[in-house]
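Participant:
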Amino acid sequence: MAPAGDRPRHRRREEELREAAEELEARVQERTAVLNAEVLERRRAEQAARQASAVKSAFVAQMSHELRTPMNAIIGLSDLLATSRLNDEQRIWVRTVRASGDALLSIIEDILDFSRIEAGGLELDRAALDPAAVVAEAVEIIAPAARAKGLRLSWGADPGLPAEVVSDRSRLCQVLLNLLSNAVKFTPAGSIEVAVAASPRDDGWLLSFAVRDTGVGVAPEARERIFEPFAQADASTSRRFGGSGLGLSISLRLVEALGGVIKLESEVGVGSTFTVEIPVGRALAGSAALDAEPSEPTAAAGRTLRILVTEDDPVNQMVAEAILTRAGHACVLATSGQEALQLLAEAPFDVVLMDLHMPGMNGFDTARRIREELAPGRQPWIIALTAAATVDDRRRCLEVGMDGFLSKPVREAELAAALAEAMQVGRSPHAA
Numbered sequence: 000m001a002p003a004g005d006r007p008r009h010r011r012r013e014e015e016l017r018e019a020a021e022e023l024e025a026r027v028q029e030r031t032a033v034l035n036a037e038v039l040e041r042r043r044a045e046q047a048a049r050q051a052s053a054v055k056s057a058f059v060a061q062m063s064h065e066l067r068t069p070m071n072a073i074i075g076l077s078d079l080l081a082t083s084r085l086n087d088e089q090r091i092w093v094r095t096v097r098a099s100g101d102a103l104l105s106i107i108e109d110i111l112d113f114s115r116i117e118a119g120g121l122e123l124d125r126a127a128l129d130p131a132a133v134v135a136e137a138v139e140i141i142a143p144a145a146r147a148k149g150l151r152l153s154w155g156a157d158p159g160l161p162a163e164v165v166s167d168r169s170r171l172c173q174v175l176l177n178l179l180s181n182a183v184k185f186t187p188a189g190s191i192e193v194a195v196a197a198s199p200r201d202d203g204w205l206l207s208f209a210v211r212d213t214g215v216g217v218a219p220e221a222r223e224r225i226f227e228p229f230a231q232a233d234a235s236t237s238r239r240f241g242g243s244g245l246g247l248s249i250s251l252r253l254v255e256a257l258g259g260v261i262k263l264e265s266e267v268g269v270g271s272t273f274t275v276e277i278p279v280g281r282a283l284a285g286s287a288a289l290d291a292e293p294s295e296p297t298a299a300a301g302r303t304l305r306i307l308v309t310e311d312d313p314v315n316q317m318v319a320e321a322i323l324t325r326a327g328h329a330c331v332l333a334t335s336g337q338e339a340l341q342l343l344a345e346a347p348f349d350v351v352l353m354d355l356h357m358p359g360m361n362g363f364d365t366a367r368r369i370r371e372e373l374a375p376g377r378q379p380w381i382i383a384l385t386a387a388a389t390v391d392d393r394r395r396c397l398e399v400g401m402d403g404f405l406s407k408p409v410r411e412a413e414l415a416a417a418l419a420e421a422m423q424v425g426r427s428p429h430a431a
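So the sequence shown is residues 0 to 431, counted in numbering that gives the first Met the number 0.
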């Protein structure tokens, strides 16, 4: 027992301890309340960010559809007009319209791709591919622009380049096209060369693309900036050379998504070399060649096809009908999925060109109904012909029984190739 004189002191000590404990508990409760509020605010912010991202993704998808639809008319009708009887002046006008349409489409694609990347919606589709064929394709696409400026364009492959690797073909081609387009844009005279090589790794190959030009070059202080979104080497660049300022930024992000890097060597007034290094996988022997090898033509090749165009937009109907009629095919138009089903029930068709986004019954549901309701011997070859252009759209098309997929704006040659495949195979696999 404490001495009598110590008891008041002991009680004061107990009171101080109790007050300290109460104060500490109050502080803990206050801090807990603050933390709970911060957690709640963070959750609300994350939810708002997810909602904003979803809205942005939906907006990008809708804008992709809305922008591609008029571009389909501009490019498609320009192609048709270019093959009609024109005088020299008119032919120049048509070529200018087509070139302007291609330039506008390129800017639209850059903006949409950048939006998808920002929203975390970048899609990769890795499969077996021939790297030399990817380079050849990109060079062939850019060749007309190079010829128009009088530039020498060439490419070469290292003897040790593998015939097959695994990566995303369309993204590799997109990166190469961006780099080649950049080289053509900033090379007033001289040449552009592309070199492709690969070095072995334990888990595959390190694929290397080098694009060299004799252009204006990039100043040292601008080399980091040109990979930033909407950036140009200087303020006058967009006025002098055009473009959205997104090509190199998108290329960098695509390469990084594929696990690679982009390197730049440049000297002002001498030229630039952009080198892309991307790790790629090993492919099973013959897989890329098997994918690319066309099937043997059958007796049906070259015959007139009876084609049902299911499209609600009058301008797109006109473009499709003009291309198909000029190619010698019989064309029937349907403005809705329900009308398409009625026409298919009345008479057989070889091919259905199916728009995906139509009022009422969409293209996915229409294709599913066709596969469910028509007899095996009446099943047509179904090709999606749409302004939607994502990997998910392609997957959904295959899931509902479609046989092919073409993105608007559709070139006449692309449509001809898709129809040739239908003629070679003879009938849809779903007709079995």
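For glycine and all other residues, C-beta sits at the position ideal for the given N, C-alpha and C.
1) On the three-pair Cβ rule with 8 Å, is the stretch 103 to 120 touching the stretch 138 to 145?
2) In angstroms, rounded to a whole number, what distance separates the CA positions of L247 and L66?
3) For A366 and M357, which I take to be in contact (beta-carbon distance under 8 Å), what is that distance rounded to the nearest angstrom?
4) Apart from the five residues just before and just after V279, which ones in its own chain have a Cβ nearer than 7 Å to its Cβ?
5) Can you find at least 3 beta carbon pairs, one from the stretch 304 to 313 and one from the stretch 391 to 400, that sit closer than 8 Å?
6) Could you give the first and the last residue of the continuous beta strand (DSSP E) run that contains K262?
7) Would you call the stretch 209 to 221 and the stretch 264 to 281 touching, i.e. three or more CB-CB distances under 8 Å?
8) Going by Cα to Cα distance, which pick from E338, R281, L150 is closest to M360?
9) Give me the Cα-Cα distance between V269 and R410, rounded to the nearest whole angstrom.
10) Give the single residue among R200, G362, T324, F226 whose Cα lies nearest to the Cα of L414.
11) Please list, in chain order, all residues of the same chain as A416 whose beta carbon is under 6 Å from its beta carbon, the five residues on each side excluded.
12) Counting pairs of Cβ atoms below 8 Å between the stretch 370 to 377 and the stretch 327 to 334, do you hit three or more?
13) For P408, is the classification buried or exposed, using 16 other Cβ atoms within 10 angstroms of its Cβ as the cut-off for buried?
14) P251 and S190: beta carbons closer than 8 Å?
15) Based on the DSSP output, what are the partners of F404 in its beta bridges?
16) Measure the beta-carbon distance from L405 to A383 and round it to whole angstroms, keeping in mind my assumption that it falls under 8 Å.
17) What does the Cβ neighbour count give for G327, buried or exposed, with the cut at 16 atoms within 10 Å?
18) According to DSSP, simplified to helix, strand and coil, what is D290?
19) For the stretch 82 to 145, which segments carrying the alpha helix (DSSP H) assignment without a break, of at least 4 residues, lie completely within its bounds, in sequence order?
20) Can you tell me the Cα-Cα spacing of P7 and A36, whole angstroms?
21) Under the rule that 16 or more other beta-carbon atoms within 10 Å means buried, what is R168, buried or exposed?
22) Enumerate in chain order the residues of its own chain whose CB-to-CB distance from L171 is below 7 Å, with the five nearest sequence positions on each side excluded.
23) What are the boundary residues of the alpha helix (DSSP H) that E371 is part of?
24) With distances taken between CB atoms, is the gap from L355 to T385 smaller than 8 Å?
25) By DSSP, does G75 sit in helix, in strand, or in coil?
26) Helix, strand or coil for D212 per DSSP?
27) Over what stretch of residues does the alpha helix (DSSP H) that includes E338 continue unbroken?
28) Taking DSSP as the reference, what is the three-state secondary structure of V409?
29) By how many angstroms is the C-alpha of S198 removed from the C-alpha of I73?
30) Just tell me which of K262, D349, I369, D392 has its CA closest to the CA of V424.
31) Is the separation between the beta-carbon of V183 and that of W154 shorter than 8 Å?
32) For R17 and T31, I'd like the C-alpha separation in whole angstroms.
33) Can you say whether I322 is buried or exposed, counting buried as having 16 or more other CB atoms within 10 angstroms of its CB?
34) Per DSSP, which residues does P278 bridge with? Please list them.
35) What is the DSSP secondary structure of L414, counted as helix, strand or coil?
36) Is the CB-CB distance between A131 and L160 below 8 Å?
Facilitator: So, to answer that:
1) no
2) Position 248 of the sequence shown, counted from the start, is the residue given in the question as residue 247. Position 67 of the sequence shown, counted from the start, is the residue given in the question as residue 66. Using only the alpha carbons, I get a separation of about 22 Å.
3) As a working mapping, residue 366 is identified with position 367 in the sequence shown. As a working mapping, residue 357 is identified with position 358 in the sequence shown. That belief does not hold up - the Cβ atoms of A366 and M357 are roughly 12 Å apart, past 8 Å.
4) Stepping through the sequence shown from its first residue, residue 279 is reached at position 280. Same-chain partners within the cutoff: V164, V165, S166, G203, W204, L206.
5) no
6) The residue labelled residue 262 in the question sits at position 263 within the sequence shown. That run of the beta strand (DSSP E) goes 260 to 266.
7) yes
8) Against the sequence shown, residue 360 aligns to sequence position 361. Of the candidates E338, R281, L150, the one whose C-alpha sits nearest the C-alpha of M360 is E338.
9) Position 270 of the sequence shown, counted from the first residue, corresponds to residue 269. Position 411 of the sequence shown, counted from the first residue, corresponds to residue 410. For V269 and R410, the distance between alpha carbons rounds to 37 Å.
10) As a working note, residue 414 is residue 415 in the sequence shown. Of the candidates R200, G362, T324, F226, the one whose C-alpha sits nearest the C-alpha of L414 is T324.
11) As a working mapping, residue 416 is identified with position 417 in the sequence shown. Closer than 6 Å at the Cβ level, and outside the excluded window around A416, lies no residue.
12) no
13) Along the sequence shown, read from residue 1 onward, the residue named residue 408 stands at position 409. It is buried - the Cβ of P408 has at least 16 other Cβ atoms within 10 Å.
14) Mapped onto the sequence shown, residue 251 falls at position 252. Mapped onto the sequence shown, residue 190 falls at position 191. In the sequence as presented, Pro is not what sits at residue 251; that position holds Leu. Against a cut-off of 8 Å, the Cβ pair of S190 and L251 comes out as no contact.
15) As a working note, residue 404 is residue 405 in the sequence shown. DSSP, once it has assigned bridges, lists A383 as partnering F404.
16) The count along the sequence shown starts at 1 and reaches residue 405 at position 406. The count along the sequence shown starts at 1 and reaches residue 383 at position 384. About 7 Å separates the two Cβ atoms, so the contact holds.
17) Taking the sequence shown and counting its residues from 1, one reaches residue 327 at position 328. Its Cβ having fewer than 16 others within 10 Å, G327 is exposed.
18) For the purposes of this step, residue 290 is identified with residue 291 of the sequence shown, where counting begins at 1. The predicted model places D290 with a pLDDT of 47, which falls under 50 and marks its position as unreliable, so this point remains unresolved.
19) 87 to 117
20) Within the sequence shown, numbered from 1, the residue matching residue 7 stands at position 8. Within the sequence shown, numbered from 1, the residue matching residue 36 stands at position 37. Going by the C-alpha atoms only, they are around 43 Å apart.
21) Here residue 168 is taken as the residue at index 169 of the sequence shown, counted from 1. The residue in question, R168, is buried, as its Cβ has 16 or more Cβ neighbours within 10 Å.
22) Counting from 1 along the sequence shown, the entry for residue 171 is found at position 172. Closer than 7 Å at Cβ, skipping near neighbours: V133.
23) Working through the sequence shown from its first residue, we reach residue 371 at position 372. That run of the alpha helix (DSSP H) goes 362 to 372.
24) Position 356 of the sequence shown, counted from the start, is the residue given in the question as residue 355. Position 386 of the sequence shown, counted from the start, is the residue given in the question as residue 385. The answer is yes: Cβ separation under 8 Å.
25) Position 76 of the sequence shown, counted from the start, is the residue given in the question as residue 75. The answer is helix: DSSP assigns G75 an H, G or I state.
26) Sequence index remark: in the sequence shown, residue 212 carries index 213 (1-based). Three-state result, D212: strand.
27) For this step, residue 338 is matched to residue 339 along the sequence shown. Start and end: 336 to 345.
28) Stepping through the sequence shown from its first residue, residue 409 is reached at position 410. Reduced to three states, the DSSP call for V409 is coil.
29) Position 74 of the sequence shown holds residue 73. Position 199 of the sequence shown holds residue 198. Roughly 44 Å separates the two Cα atoms.
30) The residue labelled residue 424 in the question sits at position 425 within the sequence shown. Nearest option by C-alpha distance: D349.
31) On the sequence shown, residue 183 is found 184 positions in, with the first residue counted as 1. On the sequence shown, residue 154 is found 155 positions in, with the first residue counted as 1. No, the pair does not count as a contact, with Cβ atoms beyond the cut-off.
32) Counted from its first residue, the sequence shown places residue 17 at position 18. Counted from its first residue, the sequence shown places residue 31 at position 32. Approximately 21 Å between the Cα atoms of the pair.
33) For the purposes of this step, residue 322 is taken as the residue at position 323 of the sequence shown. When all chains shown are included, I322 counts as buried.
34) Counting from one through the sequence shown, the residue named residue 278 turns up at place 279. Partner(s): L205.
35) The sequence position of residue 414 within the sequence shown is 415, counting from 1. L414 falls in the helix class under three-state DSSP.
36) Taking the sequence shown and counting its residues from 1, one reaches residue 131 at position 132. Taking the sequence shown and counting its residues from 1, one reaches residue 160 at position 161. A contact, by the Cβ cut-off of 8 Å.
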